[in-house]
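Novice:
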Amino acid sequence: MQFDRRAPEGTLMIVRPVFVALALVASLAVSNAARADDAWTASGCGSEPSAPSVDGSSVDRYNASIDRVSAYEKAARTYNSCVSKQANHDETVVSNEARDKIAHIHEGSVAVQKRIAANFTKMTAQLKAAGGKFGGH
């Protein structure tokens, strides 16, 4: 009696995490598509500064435009620095949450694989012992 037709050792350990990762990527893609209209904002940075208009119609207006552009440059750099810091923080939080969720899923998957492998090991031994009683292989 030939019962043991298992895949090579570790096959399930490789296939299942790959499947879980693909499922996670697909769910994130759907989630991101649903949130396309909900753009991320750096809520802790205040409002994005508005770019000033440039008026070159006279020397005085040109000089005033230079002052406004210089003020905008300073405000934009400050705002951009704040946005960059908050984005980095938020991305790290999301990455850590995803890592923890993936680890939880993987642990559950590994536990199932171990239980199933133990069941087959036990059943194979039982079948071998029972087959021996009847003159089987």
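Reading the sequence shown from the start, the letters are residues -36 to -1, 1 to 101 in mature numbering (1 follows the signal peptide of the UniProt record, and there is no 0). Don't be surprised by glycine CBs; every beta carbon is placed ideally from N, CA and C.
1) Kindly indicate which three-state DSSP category S45 falls into: helix, strand or coil?
2) Return the CA-CA distance between A18 and A40, expressed in angstroms with no decimal places.
3) For Q50, which of R79, K97, W4, D64 has the nearest alpha-carbon?
4) With 16 other CB atoms within 10 Å as the buried threshold, where does M(-36) fall?
5) Taking just the CA atoms, how far does N83 sit from G96?
6) Measure the C-alpha to C-alpha separation of N60 and G8 and round it to an integer number of angstroms.
7) Please confirm if the region 26 to 42 is in contact with the region 10 to 17, defined as three or more CB-CB distances below 8 angstroms between the two stretches.
8) Just the Cα atoms here: how many angstroms apart are M87 and A93?
Specialist: Quick look at the numbers:
1) In the structure shown, S45 sits in a helix (DSSP, three-state: H, G or I).
2) Residue 18 is actually Val in this sequence, not Ala. Cα to Cα, the separation comes out at about 16 angstroms.
3) Ranking the options by Cα distance to Q50, first place goes to W4.
4) Its pLDDT being 43, under 50, M(-36) is placed unreliably by the model, and the measurement read from it follows with that caveat. Exposed is the call here.
5) Rounded to whole angstroms, G96 to N83 spans 20 angstroms at the Cα level.
6) 21 angstroms
7) The region 26 to 42 vs the region 10 to 17: in contact.
8) Their Cα atoms are separated by approximately 10 angstroms.
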